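2 protein chains.
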Amino acid sequence: MSRSADRSAQASMLSAAVWSVLAEQGLERLTVRAVAAAAGCTTGLVMHRFPNRRALLLHARRLLHETTRERVSALEEAAPGPREALRAVLLQGMALDERNRQEALVWMGFLAAAVTDPELIEEHRRNNAAWRARVSRLIGDAAPDWPADRVASAALALISMTEGMAAYAAADPEAYPPSAQMSMVDAALAAFSLSH
Amino acid sequence: MSRSADRSAQASMLSAAVWSVLAEQGLERLTVRAVAAAAGCTTGLVMHRFPNRRALLLHARRLLHETTRERVSALEEAAPGPREALRAVLLQGMALDERNRQEALVWMGFLAAAVTDPELIEEHRRNNAAWRARVSRLIGDAAPDWPADRVASAALALISMTEGMAAYAAADPEAYPPSAQMSMVDAALAAFSLSH
DNA sequence: TTGTTACGGTAACAGTCGTTACGGAAACGG
DNA sequence: CCGTTTCCGTAACGACTGTTACCGTAACAA
């Protein structure tokens, strides 16, 4: 049991190393050797944990999805009501602090890498559909009398907005401080009649 | 004069080749040889036109900016009023057809490449600031009585939304058809009291 | 035509890439 | 205690990278 636990922990550590390299050095320098250096091991360990580089990236991508999914679920459960949950869930997807900013960079890097990788692009699509469904459900709870198309339109607008804002803030933190991001989200929620 | 015109034309052709490779093969395969192959020449020509690979990417990035800037300006001038101009300008930034979708892919690729390239990231920031200023000006014309902070907030929301939507639609065209993108923009404009 | 210059294709360079093979060390069962 | 197996670091492979040097060729001046 300790064996598989170690293997899983190593896989997580290597995934974290992938995120680190992706955020700090970009997609072009996301090499097996760079990941191994960031993880404090050699390429031998990396290639023994994963059959090849693409499998390593795919695992890191899936683990990132799972991590954020758990975080979002926790935020949703901790919120006092559906509108507070919606706001909290949207805010966590933006670049409000350095950690979230790096996560946005990683997110963007995976999306750019997915252009040529069928498995990564399929992972993105599945992930994105789940994300859209979650926000749609939150909006449906926040405005139970809305028709489905209004819910869908608002959900699409809100997730697009947070995605674009996260990219902007990740690329230019000084131009998009946390206060601007938060006021934008609140203004959008107010415009869509979803303020708490 | 024909010399410099040829040189400029070749630089534009190589930039188009950069876009093509970036959209079809992604950032990882954006090599000098791939660009030369897409342009139908050898690496010798590429390296005679540009001192190195980064200069080639930077020129392609700047030319893409200039091209879209001219297109946006033309749309703005052709619009009958400020609200129609705002809508047209926002719509061109999304992935409504295959051409715009590829452009969104290229846009995303450059942004991902800018993570490690100081010149590219500065180019993005300058470009993005100009884009935000333009949309803010359009909103100011469309709603002259709004206070500045409301204009800024709406502008930020709208450009973030279109940016995110373009990325989503570029990565998953079937999930985000043009009709969904357009209805989302119209819903957002209506929500922000900017409908025409 | 002849000499000169600019252009661009060819080939090679050193370096890095993903991946593989091998060998030593550590952990395990007996 | 030893034999076996698992683990992982080391070193190497061929392929590919950006970049450079070289050289033939076409265009121009005289």
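Just so you know, the sequences run in chain order A and B.
Per this note's numbering: the first sequence = residues 1 to 196.
Per this note's numbering: the second sequence = residues 1001 to 1196.
Every residue, glycine too, gets a C-beta built ideally from N, C-alpha and C.
Being a predicted model, the structure only gives us computed values, none of them experimental.
Query                                                                                                                                                                          : Result
Among the residues of its own chain, which have a CB less than 8 Å from the CB of S1136(B), if the five just before and after it don't count?                                  : V1151, A1152, A1155
Taking any Cβ of chain A, which residues in the segment 1164-1177 of chain B have a Cβ under 7 Å from it, in chain order?                                                      : G1164, M1165, A1167, Y1168, A1171, D1172, A1175
For the segment 97-124 of chain A, list every residue whose C-beta sits within 9 Å of some C-beta in chain B, in sequence order.                                               : L105, M108, G109, L111, A112, A113, A114, V115, T116, D117, I121, H124
What did DSSP end up calling T43(A) once you bin it into helix, strand or coil?                                                                                                : helix
Taking only runs that begin and end inside the segment 121-177 of chain A, name each unbroken alpha helix (DSSP H) of 4 or more residues, in chain order.                      : 148-171
Hey, is the segment 1079-1094 of chain B in contact with the segment 1122-1141 of chain B, meaning 3+ C-beta pairs nearer than 8 Å?                                            : yes
Are the CB atoms of A1169(B) and Q1181(B) nearer to each other than 7 Å?                                                                                                       : yes
With distance defined between alpha-carbon atoms, name the residue in D186(A), G40(A), A113(A) nearest to A55(A).                                                              : A113(A)
Taking contact to mean at least 3 C-beta pairs separated by less than 8 Å, is the segment 1020-1033 of chain B in contact with the segment 1063-1079 of chain B?               : no
Could you tell me which chain A residues have their CB closer than 8 Å to the CB of R1029(B), listed as they occur along the chain?                                            : T116
For the segment 173-180 of chain A and the segment 1005-1015 of chain B, state whether three or more C-beta atom pairs, one from each stretch, are separated by less than 8 Å. : no
Can you find a C-beta in chain A that's less than 7 Å from the C-beta of M1182(B)?                                                                                             : no
Which stretch, first to last residue, makes up the alpha helix (DSSP H) that contains A1074(B)?                                                                                : 1053-1078
Return no unless some Cβ of chain B is closer than 7 Å to the Cβ of A187(A).                                                                                                   : yes
Compute the distance between the beta-carbons of E1119(B) and L1058(B), then report whether it is under 7 Å.                                                                   : yes
Whole angstroms is fine: what's the gap from M108(A)'s alpha carbon to A167(A)'s?                                                                                              : 7 Å
According to DSSP, simplified to helix, strand and coil, what is H954(B)?                                                                                                      : Not covered by the structure: residue 954(B). The range shown for chain B is 1001 to 1196.
Per DSSP, what kind of secondary structure is F50(A) in: helix, strand or coil?                                                                                                : coil
Out of Q25(A), H65(A), G81(A), L64(A), point me to the one whose CA is closest to H196(A)'s CA.                                                                                : G81(A)
If I follow the unbroken alpha helix (DSSP H) through G109(A), where does it start and stop?                                                                                   : 98-113
Where T1043(B) and R1033(B) are concerned, what is the direct C-alpha to C-alpha distance, given to the nearest angstrom?                                                      : 6 Å
Would you mind telling me which residues of chain B sit closer than 7 Å to F192(A), beta carbon to beta carbon, in chain order?                                                : A1191
Whose Cβ in chain B lies nearer than 8 Å to the Cβ of T162(A)?                                                                                                                 : S1160, G1164
Just by C-beta distance, which residues in the segment 16-27 of chain A are closer than 7 Å to chain B?                                                                        : Q25, G26, L27
Put E1028(B) into one of helix, strand or coil per three-state DSSP.                                                                                                           : coil
Cβ of M1161(B) within 7 Å of Cβ of M161(A)?                                                                                                                                    : yes
Would you check if the distance between the CB atom of G164(A) and the CB atom of E1163(B) is smaller than 7 Å?                                                                : yes
What residues in its chain sit with their C-beta under 7 Å from that of L1064(B), if we drop five residues either side in the sequence?                                        : W1019, V1106
Does A157(A) have its Cβ less than 7 Å from a Cβ in chain B?                                                                                                                   : yes
Excluding sequence positions up to five away, which residues of its chain have a Cβ less than 6 Å from the Cβ of F1110(B)?                                                     : R1061
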